[in-house]
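What follows is a short report on a single structure.
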Amino acid sequence: MNPLNSFGDIARLLVLNTDSYKASHWLQYPPQTTTVFSYIEARGGTLPYTVFFGLQALLKEYFSKAVTADDVVLAGEICAAHGVPFNREGWQHIVDAQGGRLPVRIRAVPEGTVVPVGHALVTVENTDPACWWLTSFLETALLRVWYPTTVASHSQATRRLIADALARTGDPAGLSFKLHDFGARGVSSLESAMLGGMAHLVNFQGTDTMTALLGARAYYGEPMAGFSIPAAEHSTITAWGRDGELDAYRNMLRQFARPGAVLAVVSDSYDLDLAVSRLWGGALREAVIASGATVVIRPDSGDPTSVVLRTVRALDASFGSDMNAKGYRVLRHVRVIQGDGITRESIASILGALESAGYSADNIAFGQGGALLQQVNRDTLGFAMKASAAKVGGHWRDVFKAPVTDPAKRSKAGRLTLMRRGEAFATVRLDGPGYQQALADGATEVMRTVFENGRLLVDDSFAAIRARAAG
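Here's what the structure looks like:
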């Protein structure tokens, strides 16, 4: 029997990658059930749309490995000790009849597609009549696509906010590096850092979450999805002592400042205003200019809006600025990155304050950690996977819930797909008149079969996903 000695061993065990109560569900469906059809949607929440992302990574990692007889034995032992039934016969059938490959068909919208909430993003159905129970069993593992999709959606909302500011005041060419992922240390697991970090990189190219680079390489074939720069932290500054602050900054210039280079230096370890005006703008001013590098000053405390504006003004007084074609000032030789207290609301406030003061959004970049990768949950966009149809006794029947106590939780019925005509989306029943009418009206199916009977049928590149998300 295969031992369980690591997370990798546990991740391989798809037969227990579910909720405990689902182990008993194979006994609860009506007699003569042969097929169950389910869908995943974001019912709505903090945004009116989703940027679908992450399914390919989940399918490659968890769904593409064959279930083994040893897996079935181990799962049976675990369930018996845990106190829940185990469908040993059903899983052994998958091992014997399917070679351990999952007999399901998964259809999904292409990753990177921007879809309004309230529409089906994924559909799942079993392809072996003996495995009617499998569709809903897989809900737990499949629905985790909520996390990378939610991060990608919120990251894109921030991208749109910054893009608007750049369109008014600066150069949109710099957009891809305006929001930097600082979130690796603030998430709950290495896998979260990878999935969430990749999701952010769908919209931007700046990251310090190196695991995301590995994920994009492994699951989406992207050699290098993001970039970073040499940057100081408080320990590398304060290790020089308070009297050595100037030497710490001078060392940063000596080590990293070259023509065309960019480096970031946290500058509020003691007194930000003094560091900006007397050290960077005084003692080090000529060295910064002579280096040919761009030095990015990082405030890391205080009210983000007032601190950034004060820092930009002080740097302008020391280094000067130029008026761009849109009538806004752009600093010479220096920039600012704000990585403390960053949310979409604070970004909007900072950009608004700079614009009101006559400064371009070119002067500022943002670093975001927990608010980017961790401060989301399944309800942020209302993700759910629900059964919508079942074939019982050879006939399809609608499956849905309609709770009187919460009409918003009414689920969809029938075998579904997603159609698109221009910018308009419609979730329609495959077996209803709406599907044929949508085709007659010139709509096309958005969904495609990405996984069937243990085989991944679509292997998208990261570049293709980024292109879809960018529109």
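Using our numbering, the first residue of the sequence shown is number 1018, and each one after it goes up by one. Note that beta-carbon positions come from the ideal geometry of N, C-alpha and C, so glycine has one too. These numbers come from a predicted model, not from an experiment.
Residues near residue i by beta carbon distance below 7 Å, same chain, minus five either side
i: G1213; result: Y1164, P1165, V1168, G1200, V1204 and L1390
i: N1380; result: V1329, V1347, L1348, R1352, V1353 and L1371
i: D1188; result: D1379
i: L1218; result: T1224, A1229, A1233, A1242 and G1243
i: V1089; result: V1032, R1105, W1108, Q1109 and V1112
Helix, strand or coil at residue i according to DSSP, with G and I counted as helix
i: G1337; result: coil
i: T1157; result: helix
i: L1296; result: helix
i: S1055; result: strand
i: Y974; result: Coverage of the chain is limited to positions 1018 through 1488, which leaves residue 974 absent and any answer about it impossible.
i: Y1038; result: helix
i: P1020; result: coil
i: E1142; result: strand
i: E1128; result: coil
i: A1281; result: strand
i: L1091; result: helix
i: T1063; result: coil
i: T976; result: Summary: the structure shown does not reach residue 976, with the chain confined to residues 1018 through 1488, and so no result is reported for it.
i: I1246; result: coil
i: T1255; result: helix
i: V1112; result: helix
Spatial neighbours of residue i in its chain, beta-carbon cut-off 6 Å, leaving aside the 5 residues before and after
i: S1294; result: A1331
i: L1072; result: A1125 and V1162
i: F1154; result: T1035 and K1039
i: M1215; result: A1229, G1232 and A1233
i: P1146; result: T1051
i: G1100; result: none
i: S1363; result: P1321
i: H1350; result: V1305, I1306 and F1336
i: K1426; result: P1420
When the options are compared against residue i, the one with the closest alpha-carbon
i: S1366; options: A1125, S1338 and T1175; result: T1175
i: G1431; options: L1474, W1149 and L1447; result: L1447
i: Q1396; options: S1081, G1061 and T1051; result: Note that residue 1396 is Asp in the sequence shown here, rather than Gln. Closest option to D1396, Cα to Cα, is G1061.
i: Q1385; options: R1315, T1434, F1417 and Q1454; result: R1315
i: W1297; options: Q1272, F1336 and L1196; result: F1336
i: S1405; options: Y1376, V1141 and E1440; result: V1141
i: F1400; options: P1065, D1290, L1031 and V1032; result: P1065
i: V1032; options: V1084, L1289, G1411 and L1075; result: V1084
i: V1134; options: S1170, A1158, E1156 and G1100; result: S1170
i: P1276; options: G1261, G1309, L1075 and M1464; result: G1309
i: A1074; options: D1477, D1415, E1094 and V1053; result: D1477
i: K1077; options: S1055, I1123 and D1087; result: I1123
i: M1269; options: D1458, A1235 and V1282; result: V1282
i: M1464; options: D1458, L1474 and G1375; result: L1474
i: V1131; options: P1450, G1439, T1422 and G1449; result: G1439
i: F1221; options: G1238, D1198 and E1239; result: D1198
Separation of residue j from residue i, as counted between CA atoms
i: R1437; j: L1398; result: 21 Å
i: A1407; j: N1104; result: 20 Å
i: L1230; j: L1151; result: 33 Å
i: D1026; j: P1020; result: 7 Å
i: A1184; j: A1382; result: 15 Å
i: F1468; j: F1080; result: 9 Å
i: P1048; j: V1409; result: 7 Å
i: V1279; j: Q1109; result: 58 Å
i: E1106; j: G1471; result: 19 Å
i: T1255; j: I1179; result: 33 Å
i: T1444; j: P1120; result: 25 Å
i: P1102; j: S1041; result: 5 Å
i: A1011; j: L1159; result: Only positions 1018 to 1488 of the chain appear in the structure, and residue 1011 is not among them; the question remains open.
i: V1068; j: D1260; result: 49 Å
i: T1434; j: P1424; result: 23 Å
i: L1301; j: F1024; result: 50 Å
i: A1274; j: S1209; result: 34 Å
i: K1082; j: R1029; result: 7 Å
i: A1334; j: A1480; result: 41 Å
i: A1190; j: H1251; result: 31 Å
i: A1097; j: A1235; result: 36 Å
i: S1377; j: S1037; result: 54 Å
i: G1319; j: A1249; result: 19 Å
i: N1143; j: D1415; result: 16 Å
i: S1373; j: A1059; result: 37 Å
i: T1466; j: F1070; result: 15 Å
i: A1486; j: L1192; result: 14 Å
Beta-carbon proximity list for residue i, same chain, < 8 Å, skipping 5 on both sides
i: M1227; result: A1201
i: V1325; result: P1316, V1353, Q1355, I1367, A1370, L1371 and I1381
i: Q1272; result: P1247
i: A1484; result: G1129
i: Y1452; result: T1434, M1436, V1445 and R1446
Check: residue i C-beta below 8 Å from any heavy atom of the ligand MG
i: S1363; result: The ligand MG is not part of this structure, which contains no ligands at all.
| query | Of all the beta strand (DSSP E) runs that stay within the bounds of the segment 1353 to 1401, which reach a length of 3 or more residues? | reply | 1381 to 1385
| task | Identify every run of the alpha helix (DSSP H) within the segment 1156 to 1203, keeping only runs that are complete inside it and at least 4 residues long; order them along the chain. | result | You should have 1156 to 1159 and 1163 to 1186.
| Those runs of the beta strand (DSSP E) which lie wholly inside the segment 1400 to 1452 and span at least 3 residues | 1400 to 1409, 1412 to 1415, 1433 to 1438 and 1441 to 1446
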